[in-house]
Amino acid sequence: MNANQILDASGIAKSFGAVKALVDASLSVSEGEIVALMGANGAGKSTFVKIITGALTPDNGKVLIRGKQARVGSPAEARRSGLVPVYQEPSLIPDLDVADNLRLTDTPIAPFERWVKELGIEGLSLSDMVGDLPLATLRILDLARALASEPDVLLLDEMTAALPSDLVERVLKVTRQQADKGMGVIYVSHRFNEISELCDRATVLRDGQTVGDLVIEPGVEDRAVELMLGQRLDLAAREVNKTRGTIGDTPRVRVKGVAIAPKVTDISFDMFPGEVLGVVALEGQGQDELFECLAGFMPPTAGSIEVNGTTTAFRHPADAIAAGVKFVPGDRADALLAQRSVRENIALPFSARMSSWGWLKMRHERERVEHAIDRLQIDTRAQGEVQRLSGGNQQKVTIGRWLATGVETLLLFDPTRGIDVRTKRQIYPLVRELAEQGSSVLFYTSELEEIPLACDRAVVIFNGRVVDIIDAENADEQTLLRAAYGLTAQEGAA
Amino acid sequence: MSDIIKKNAWVAGLVALLFVLLVLTKAIQPSFGMSGLESVARAALPFAFATAGMAVVVIVGGIDLSVASMMAVCAVTAAVLMERMAGVPAILIVLGLGFVMGLINGGLIVLTRVPDIVVTLAMLFVWEGVALLILESPGGATTEWLKQSIRGSVIPFVPNALAIIALCVAVVWIPLRRSKLGISIYATGSDELAAFRSGVAVGRTKIVAYGVCGMFCAFGGLSLASLTGIGEPVPGPYLMASVAAVVLGGVVLGGGRGGLLGPIIAVLILRIVRTILTLLAVDPNVTTIIEGTIMVGVVMLGTAATLRGARK
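Protein chains in written order, with the UniProt record's numbering: chain A, 1 to 494; chain B, 1 to 312.
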C-alpha cells in the first residue's frame, strides 16, 4: 500500500446475463505513475475501463479513491472525483462547436488552447464544428480537454490508435511530463513499443481477471504476452507462418495514374492474383480516398482502373462488387449486421448472389460456411449475435467470410486497428490464405510492423502519390517508416 | 461573419422565401395589408407554439406525438379556470400544468425505456381523455384582455400575435439555449453516448426538454382559448403540422441540429401558402397536395445545397 495511491480498484466483477466479463479485476495507480492496462481482446479490458470511469456499475468489488471508498456511478461523478477518461471513440459532440463542447464539461478555455498547441494542432478555431474535424484532431482535442481539467488520474484508451506518428510522439511526451508533475495515468494500449517507452508498470488482464502486475523493463514483452495468452509461446510460433501461393503473371487490377481531387494526385500500381499488396502511408495521405475509389464509392478525377484487362469506371459500389472487387471498411460496424448471427453474416455474400440459389448449391455453400466458422476459431459462439463478439472477433468475421465465398479482389482497410496481438496473429494467416486461394488483396495498415508479416509487396503513398514500391519480405520497420515519410533509400544514404 | 451566415443559412433562406411569398400575396390580392397579416399571424399562433415544443424534443433526439392533446388539456383548463378566477393566476397555473405534463411524458420515456414514439402515442390518448374529463363539450370562458391581446398591433407593422410568439419563445428559449442545459439538450440529441461520457445527465436533460415542450403546448392551449374564447376538448390538427414545420425549419429529425427560429418561420410560410391558395380559390383537397409537395421540395433543395456547401 502506497501513501500516494490515488486510485485502487479491486475485486471488480461484472456479468452481462450469463457472460462473465469480469471476475476479479484489480488495478491501482499512484501519483506520478503511468500504468499500462493490457489484455487480449475479450479479456475484459473495455468493461474494466467503463467501470473505472463510471460508465458501468460493477456487480462486485470496490473502488477506492485516495483510500476512501468511492461510488463512481456516472462519468460525471468520475470527473468530479478527478478521474478523466479519453475514450477510444472521441466523446466530443459532433453538432456542437468546440467552445460549446468545452462548456459542456466546464473546461477552462485558456489551458485547453494551450494544450491544443502543445499537442501539435495548429489553426483550430473555437467556433469550428466538431463534426467537420478529422478523427486524429478530435482525439487530440479530447485529450487537451481532459488535460485542461487537471485530472488526478488520466485514463487513455488506445489513445494513439488513429494518430499519425508525429502526433503520437507529442502525446507520449506530454503524458510523461504530466506524470512527472504528479498525475496518475492509466494507459490502455496494444502497442508494446509505446508501453515500454512510457509506462512504469503494466497490469495484465486475462479472462476477466488480473493475472499479473509487471514492472516495465527490457524483455518484459515476452512476459506480458505470456500472461495475456496464459501459456508460454515459443518464439518460433510467434512468427507468422507465411505461406506463399503462386503469384499470377497478368495483373488482376491495374491502377494507372489515378487522381482523386483534392488529396490524391498520382497513384499507379498493379495487383496480381495470389498477392497481398500492402499500402504504406501515414494518416491522411490519400489512402482513404484510394480505397473508396477502388470500391466504387466515388470515381477518380483522372487516370483509369483496369480489372482483368478491361478498363472500368465504377459509378456505384455495385459496379465494383460485380467486377469482383470487395471492400472491407476499417469500421467493422459498417460491414456487419450486428444483430444477426455469425453464421448469417458469413453466409451473407452467398445470399446476396441471387442467381446461385438452388438446392445443391445451398448444401455446398453450407459446408463452406461451416468450414469458415471452424477456421475463425469462434465456433461456440457462432449462433450468437455478432454484436456480442469482441472487436477482434468481429473483424475476423468480416475477413473470414470471404474465405467461404471466394473473392477475386479484396480491399482491406486497416483491419487490425485496436485489436490485440493474439487476434492480429490470427488475422494475418486469414489474409495469406485468401491470397493462396488466388485472391488479390490490397492491405492498408496503420501499423507498419504488419507489412512484412502479411504482405508480398507494398506501395508507399506519400502526399497523394506513389513514391515507392518495395519488397515487403525484407522491409524492416525503419525502412518502412522512412518510406512512409517520403524519404527514399537513396536520400537516406546520402 | 461568414461563419454566422453559414451556420444560419437555412433560416436566412426561409426568411427570403417568406418575403417572396408575402410579395406574391400582395400581388395576387392588392388589398392584402395589415389586417390580412394580422389574421395570418393569429391563425399561426397555436401552430407556432406546437412547433416550438416539437422542435425542442426533436433537438434532444426524441419526438412528442401528444402535443395536440396537451394543448387541448391546457385550453380547457384555461377556459374553466378563467371562468372562476383572474387571468394572470390562471395563465400561471396552465403554464405549470403544461410543464408537468411534459415532465410526465419525458419521465415515462426515460424511466421505462420504452421508445419515445410509443410512450407519447399512448399519452396522446391519455391527455385526450383528460381534456374530455375536464370539459365534456366546448365551454368555459376566456379573460377578455387575453382575447384582445392577440388582436391588432401595438408595434407598427408587427401583428400582436407575432410579437407574442416572439416574446414567449424568446423568454423561454434564449436563456435556455445559452445555459449549460441548452448545450446538454443539443449534445444529447447529437450523440447520446458521447454526451453521457462527457458527463451530461442524459436522462434528466431529456425529461426537462419534454417539460419545455409541455410548456410551449401550454402557451399553445392558451392561444387556442384566446382565439376561440372558449375551451375545446378535442385536439386540433397540430401534431402533423408541427412535425412538418420542424422539418421545414431545418431541425434534423434524429436530433442535435437546428433551432426554434427556423421552425417558427416555417409555420408562417405554411400559413401564407395556405392563404395564397385560398385567395386563388384552389380546391382545398389540392391545397394539401401542394403543401406536401412544397415541403418535400424545400427540404430536398436545402439538403442538396448543404451537401454542395460541405463538399466545397
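Quick reminder that beta carbons are idealized off the backbone N, C-alpha and C, glycines included. The structure presented is a predicted model; accordingly, all values stated were derived computationally and were not measured.
- Classified as exposed, Ser-35/B has fewer than 16 neighbouring CB atoms from the shown chains inside 10 Å of its CB.
- At least 8 Å separates the CB of Ser-46/A from every CB of chain B.
- Under the Cβ criterion of 8 Å, Ile-183/B is counted among the residues facing chain A.
- Rounded to whole angstroms, the separation of the alpha carbons of Gly-220/B and Ala-48/B is 8 Å.
- Under the 8 Å criterion on CB atoms, Tyr-87/A is classed as interfacial with respect to chain B.
- Across the set Ala-483/A, Val-279/A and Ile-321/A, the C-alpha of Ile-321/A shows the shortest separation from the C-alpha of Phe-297/A.
- When C-alpha distances from Gly-278/A are compared across Leu-480/A, Ser-46/A, Val-49/A and Thr-137/A, the shortest belongs to Leu-480/A.
- Those residues of the segment 175–207 of chain B placed with their C-beta closer than 8 Å to a C-beta in chain A are Lys-180, Ile-183, Ser-184, Tyr-186, Ala-187, Gly-189, Ser-190, Asp-191, Leu-193, Ala-194, Ala-195, Phe-196, Arg-197, Ser-198, Gly-199, Val-200 and Ala-201, ordered along the chain.
- In the DSSP annotation of this structure, the continuous segment of the beta strand (DSSP E) that includes Arg-206/A starts and ends at 201–206.
- Counting the other CB atoms within 10 Å of its CB gives Thr-301/A a total below 16, which places it among the exposed residues.
- Val-407/A and Leu-442/A have their C-alpha atoms roughly 12 Å apart.
- Note on geometry: alpha-carbon atoms of Gln-437/A and Gly-274/A lie some 7 Å from one another.
- Put simply, of Ile-470/A, Phe-291/A, Val-225/A and Asp-200/A the residue whose alpha carbon is nearest the alpha carbon of Val-215/A is Asp-200/A.
- Pairing Ile-93/A with Val-130/A gives a Cβ-Cβ distance under 8 Å.
- Going by DSSP, Pro-156/B is part of no beta strand (DSSP E) at all; its letter is neither H nor E.
- In the displayed model, Thr-416/A falls within coil according to three-state DSSP, outside both helix and strand.
- Residue state for Pro-85/A is assigned as strand, using DSSP reduced to three classes.
- Straight across, the Cα-Cα distance linking Ala-187/B with Asn-105/B is about 20 Å.
- Counting only unbroken stretches of 4 or more residues, the alpha helix (DSSP H) elements lying wholly within the segment 238–297 of chain A are 287–294, in sequence order.
- For the pair Ala-52/B and Glu-128/B, the Cα-to-Cα distance works out to about 20 Å.
- Secondary structure at Asp-59/A: coil, using DSSP grouped into helix, strand and coil.
- Under the 10 Å beta carbon count, Lys-326/A is surrounded by 16 or more other beta carbons and is classified as buried.
- Of the other Cβ atoms in all chains shown, 16 or more fall within 10 Å of the Cβ of Asn-345/A; this residue is therefore buried.
- Taking 8 Å as the CB threshold, Pro-300/A stays off the interface with chain B.
- Looking at the DSSP output, Leu-227/A shares a beta bridge with no other residue.
- Counting along the chain, no beta strand (DSSP E) covers Met-82/B; the unbroken alpha helix (DSSP H) around it starts and ends at 67–84.
- Taking 7 Å as the upper bound on Cβ-Cβ separation, chain A lies near residues Gly-256 and Arg-257 of the segment 245–278 of chain B.
- Contact check for Thr-205/B and Ile-185/B: beta-carbon distance about 6 Å, within the 8 Å limit, so the pair qualifies.
- For Ala-76/A, the chain B residues whose C-beta falls within less than 8 Å of its own C-beta are Gly-199, Val-200 and Ala-201, listed in chain order.
- In the pairwise beta carbon analysis, the segment 86–99 of chain B is classified as not touching the segment 190–204 of chain B: fewer than three pairs are separated by under 8 Å.
- Between the segment 165–184 of chain A and the segment 137–150 of chain A there are three or more C-beta pairs closer than 8 Å, enough to call the two in contact.
- Contact between Thr-57/A and Leu-83/A is ruled out by a C-beta separation of about 15 Å, above the 8 Å threshold.
- Ala-141/B sits away from Gly-262/B, with the two beta carbons spaced by 8 Å or more.
- In terms of beta-carbon proximity, Ile-52/A stays away from the interface with chain B, with every pair separated by 8 Å or more.
- With contacts defined by Cβ atoms closer than 8 Å, Val-60/B and Ala-131/B do not form a contacting pair.
- With contacts defined as CB atoms closer than 8 Å, Leu-7/A and Ile-51/A fail to qualify as a contacting pair.
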